[in-house]
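Residue numbers (the numbering used here), protein chains in the order written: chain E, 676 to 918; chain Z, 159 to 426; chain U, 800 to 1065. Cβ coordinates follow ideal geometry from the N, Cα and C atoms, glycine included. These numbers were taken from a predicted model, which means no experiment stands behind them.
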Amino acid sequence: MRLDLCGLEKWYGSQAALQGITETIADFQALAIIGPSGGGKTTLLRLIAGLEIPDRGTLAIDGEQLLFNREALLRHRQGIGMVFQAFNLFSHLTALDNITLPLEKVHGYSPAEARVHAMDLLERFQLSSHAAKKPAELSGGQQQRVAIVRAIAIRPRFLLFDEPTSALDPEMTAEVLEVIEELRHEGRHLIMATHHIGFARQVADYCLFVSGGAVTEAGPSSELFRHPRTAALQNFLAKVLKY
Amino acid sequence: MLRDRLQRCVLALILCCLLPGFSVDRAAAAEKDTLVVGMELSYPPFEMTDTSGKPSGVSVDLALELGKSLGKKVVIENTAFDGLIPALKTGKIDLIISSMTATGERAKSIDFSDPYLSTGLCLLVKKGALVTGIKDLDRPGRTVAVKKGTTGHTFAAGNIRRARLLVLDKESAAVLEVVQGKADAFIYDQMSVYQNWQRNRTTTTALLVPFQKESWAVGVRKGNDVLRMKVNAFLKEFRAKGGFERLGDRYLKEQKEAFKRLGYPFYL
Amino acid sequence: MSSFFFKLLFDQRSGRDETVPLLPLLLGWLLALLLVALVFTFAFQQLQYGWNWSAVLAYRLKFLQGWLMTVAISAAALCTSLIIGLTAALARRCPFLPARSLGTLYVELIRGTPLLVQILIFFYVVADAFGITDRYLVGVLTLSLFSGAYISEIIRSGIESVGESQLESARAIGLTGWQTYRYIVFPQVLRRLLPPLAGQFASIIKDSSLLSIIAVSEFTLNAQEVNAFTYSTLESYLPLAAGYLLLTLPVSLASRALERKYRYAT
Chain E
676 MRLDLCGLEK WYGSQAALQG ITETIADFQA LAIIGPSGGG KTTLLRLIAG
726 LEIPDRGTLA IDGEQLLFNR EALLRHRQGI GMVFQAFNLF SHLTALDNIT
776 LPLEKVHGYS PAEARVHAMD LLERFQLSSH AAKKPAELSG GQQQRVAIVR
826 AIAIRPRFLL FDEPTSALDP EMTAEVLEVI EELRHEGRHL IMATHHIGFA
876 RQVADYCLFV SGGAVTEAGP SSELFRHPRT AALQNFLAKV LKY
Chain Z
159 MLRDRLQRCV LALILCCLLP GFSVDRAAAA EKDTLVVGME LSYPPFEMTD
209 TSGKPSGVSV DLALELGKSL GKKVVIENTA FDGLIPALKT GKIDLIISSM
259 TATGERAKSI DFSDPYLSTG LCLLVKKGAL VTGIKDLDRP GRTVAVKKGT
309 TGHTFAAGNI RRARLLVLDK ESAAVLEVVQ GKADAFIYDQ MSVYQNWQRN
359 RTTTTALLVP FQKESWAVGV RKGNDVLRMK VNAFLKEFRA KGGFERLGDR
409 YLKEQKEAFK RLGYPFYL
Chain U
800 MSSFFFKLLF DQRSGRDETV PLLPLLLGWL LALLLVALVF TFAFQQLQYG
850 WNWSAVLAYR LKFLQGWLMT VAISAAALCT SLIIGLTAAL ARRCPFLPAR
900 SLGTLYVELI RGTPLLVQIL IFFYVVADAF GITDRYLVGV LTLSLFSGAY
950 ISEIIRSGIE SVGESQLESA RAIGLTGWQT YRYIVFPQVL RRLLPPLAGQ
1000 FASIIKDSSL LSIIAVSEFT LNAQEVNAFT YSTLESYLPL AAGYLLLTLP
1050 VSLASRALER KYRYAT
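Structure representation (structure tokens):
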């Protein structure tokens, strides 16, 4: 897919979370956004997700401009799947109902169709035994995987991940990353903000390094990680890869 | 959590140990030099409080005179009317001087002295209610107000079958019901009906001929004949000395004259 | 030896999900009830009270009528107060500012004044001015307005306690505002509300006793009348207390059961 960012700015009060980002990524399948906390990667992701409106600038996905009015953003959000860092699932619904809810209420599936489709996906990801459980009865890793199923069930244009494993322990992290890698291999388009440099390297074909509200460096991940050009990225990688 | 439980156990134990301290030796009450007299201080001019909050009125003066004659200090206990008999029974008070009618029912629970005042049940009627007597009230669609625990209440419970009965806590509430037109009449004693009518001349009328005669007496605990005899002796002497005449002049001058004009007998 | 008593009388569970073993639980209850019984027996002995149950027994129909009236009034007040409470909670969250202020004014005034005072003012002043004479209607309305203020606070905090992340999730999957309210907020709030609402119902049942002050013939007034006729205070008031317990205990048990059922991490 293609992503065109032009002069994107986002202010929170007097703080600039994003300072005029202009970047064109002509053709990618999986995009990784890395960078220090508070650097702006989550803000950028939320703009692409249609959860926030930029104060300035434009955004185009696959050549189509994203219009920043309520109806357009609603439709945009309905067509993509997003997985957050934590607390994705609705706590009063079972895993199955969490998946069928958007299918039935947003995408017009009949309850029977939604159920069948959801169960198929849960089976695929070895989660069918957890279908009737509420999120509180699932482990963190299981919750995130159900959240991923919910995101892909609606047959989205692309998927967004906001640090999906940050709240998980190493074992659960691995199970979630495996799923994401699988999705990548299926040919789905992903944009993910992550701390896992190793994973980003492995899965993403393009990478943006966002710090201080700007895209400090950008490029195909094969080059970016091996030959970081800016001092900022070099320092960042050194720090992150130290342990 | 353990400490909480422990603390609670200790507290309960302490409270249990304190309980004996609250008991009062009933037998020693007769030898006390105080006389605790119970009355409800919301019944002017017999039982009321003056502007400084001290009890005053016919019954208060009567109690104080009684105390003087018995050589005891008098303490007035302000108690709700329907709580007077229970208070007497449990020994919280020694006497009831609260314009209480001596009835057969009450005599089952307590003993009464000789009567000291004759009065009767009358009606405070709402303006325009077309009520000429108690018989007019026992009809469907009528509403009758009474004060809880009074002889008016007892009468109504026994004789008002078809009208709606409103049982109120306070005399003032019952009067308000009549004044606001929510009740057709309030059954109460003659003196108070007269007074309330005077205070609400535009909204009420009064039927001041008693349909049931009653007399007030002093209440003592059942079996306390010693005290009862002493009270009777006092009442006889007080009347002979013109004590009641003086009380009537002091508190009920207006009523005395009004009743004379209206032709009702005034018994104090 | 001491550790034996320890095991018998103290709660030594390590986790919250195990249940207390039966023998210590029963023993604990037995001892507590024994203590209460002792206190009461001691108190009654000191009073030298002459019990007279037969007089009160003759009035048992009166007790029953009063009890049924209390049930009816409480049920009616609960339904009405739910409506009032919901309206007030929504008003306080709506963007129309006068509505928000009105809601806040209502809640603060009602919560800040005693129910007794409200009953007297509403019946003798407000209802009279508007010409509403049925005291049972006024009684139920007053009780509903009173309870509605507390219920509106319960509902409002329930709504606000639905996590931001839940709302964000709803947005991310493309639910409209109305759909979010209907499928996410409302079900979660409802589950959170049931325990405190059950408690509020118990409060309504007990508070209804104050309506006796305007001669509403509910349970308390009827018991007071029996007392007035028979001079048997304790024999009138003990059944009165028992009658209220008969209503409030099931409610409080239900409330605790609901709490346990809906207790899950959010």
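Own chain partners of residue i with C-beta closer than 8 Å, once the 5 adjacent residues on each side are dropped
{"i": "T360(Z)", "result": "K285"}
{"i": "D208(Z)", "result": "S214"}
{"i": "L776(E)", "result": "F765, L768"}
{"i": "I958(U)", "result": "A888, R892, V984, V988"}
{"i": "Q917(U)", "result": "I909, T941, L944, F945"}
{"i": "L822(U)", "result": "L807"}
{"i": "V337(Z)", "result": "K284, N358, T361, T362"}
Minimum Cβ-Cβ distance from residue i to chain U less than 9 Å
{"i": "I243(Z)", "result": "yes"}
{"i": "T312(Z)", "result": "yes"}
{"i": "I827(E)", "result": "no"}
{"i": "F874(E)", "result": "no"}
{"i": "R832(E)", "result": "no"}
{"i": "D240(Z)", "result": "yes"}
{"i": "R790(E)", "result": "no"}
{"i": "T248(Z)", "result": "yes"}
{"i": "E198(Z)", "result": "no"}
{"i": "Q338(Z)", "result": "yes"}
{"i": "L281(Z)", "result": "no"}
{"i": "G754(E)", "result": "yes"}
{"i": "L734(E)", "result": "no"}
{"i": "L224(Z)", "result": "no"}
{"i": "G299(Z)", "result": "no"}
{"i": "R820(E)", "result": "no"}
{"i": "S303(Z)", "result": "Before going on, a small fix: residue 303(Z) reads as Ala here, not Ser. Chain U contact via Cβ: present."}
{"i": "S267(Z)", "result": "yes"}
{"i": "L797(E)", "result": "no"}
{"i": "Y409(Z)", "result": "no"}
Close-in-space but distant-in-sequence residues of the same chain around residue i (CB under 6 Å, 5 per side omitted)
{"i": "I696(E)", "result": "L680, L683, V890"}
{"i": "A948(U)", "result": "V906, I909, R910"}
{"i": "M757(E)", "result": "A724, L835"}
{"i": "T869(U)", "result": "S1007, E1017, F1018"}
{"i": "F1028(U)", "result": "none"}
{"i": "L852(E)", "result": "F874"}
{"i": "L722(E)", "result": "P729"}
{"i": "T840(E)", "result": "T848, V851"}
Cβ neighbours of residue i in the same chain (closer than 7 Å, five flanking residues each side left out)
{"i": "T309(Z)", "result": "T259, T261, L279, E372"}
{"i": "V819(U)", "result": "D810, R812"}
{"i": "L834(U)", "result": "none"}
{"i": "I345(Z)", "result": "L279, L281, V302, V304, G310, F313, A314"}
{"i": "K230(Z)", "result": "D191, T192, L193"}
Proximity of residue i and residue j at Cβ, strictly below 9 Å
{"i": "F862(U)", "j": "G976(U)", "result": "no"}
{"i": "I700(E)", "j": "L720(E)", "result": "no"}
{"i": "S350(Z)", "j": "E329(Z)", "result": "yes"}
{"i": "V333(Z)", "j": "V304(Z)", "result": "no"}
{"i": "D342(Z)", "j": "A364(Z)", "result": "no"}
{"i": "Q753(E)", "j": "I829(E)", "result": "yes"}
{"i": "Y1069(U)", "j": "I243(Z)", "result": "The structure shown has nothing for residue 1069(U), since chain U only spans 800 to 1065."}
{"i": "A770(E)", "j": "V821(E)", "result": "yes"}
{"i": "A692(E)", "j": "G888(E)", "result": "yes"}
{"i": "Q819(E)", "j": "N763(E)", "result": "yes"}
Interface flag, residue i vs chain Z, CB-CB below 9 Å
{"i": "R934(U)", "result": "yes"}
{"i": "Q864(U)", "result": "no"}
{"i": "S853(U)", "result": "no"}
CB contact below 9 Å: residue i versus chain E
{"i": "G1042(U)", "result": "no"}
{"i": "R1059(U)", "result": "no"}
{"i": "A1056(U)", "result": "no"}
Amino acids of chain B, ordered along the chain, whose beta-carbon sits closer than 9 Å to that of residue i
{"i": "F759(E)", "result": "The structure shown contains no chain B; the protein chains it does contain are E, Z and U."}
Open item on the list: Closer than 7 Å between beta carbons: that is the criterion. Which residues of the segment 976 to 1004 of chain U meet it against chain E?
Closed with: Q978, Y982, I983, P986, Q987, R990
Task: Members of the segment 763 to 786 of chain E near chain U, C-beta cut-off 7 Å - done: The residues in question are N763, F765, S766, H767, L776, P777, K780, V781.
Open item on the list: I'd like the ranges of any beta strand (DSSP E) spanning at least 3 consecutive residues and lying wholly in the segment 695 to 739 of chain E.
Closed with: 705 to 709, 731 to 736
Task: beta strand (DSSP E) runs contained entirely in the segment 294 to 331 of chain Z, provided each spans 3 or more residues - done: 301 to 305, 322 to 326
Task: beta strand (DSSP E) runs contained entirely in the segment 955 to 1041 of chain U, provided each spans 3 or more residues - done: none
TODO: May I ask you to list, following chain order, the residues of the segment 1024 to 1042 of chain U that have a beta carbon less than 8 Å from some beta carbon of chain Z?
DONE: E1024, N1026, A1027, F1028, Y1030, T1032
- [ ] Please list the segments of the alpha helix (DSSP H) lying wholly inside the segment 857 to 912 of chain U, counting only runs of 4 or more residues, in order along the chain.
- [x] Runs of the alpha helix (DSSP H) inside the segment 857 to 912 of chain U: 859 to 892, 896 to 911.
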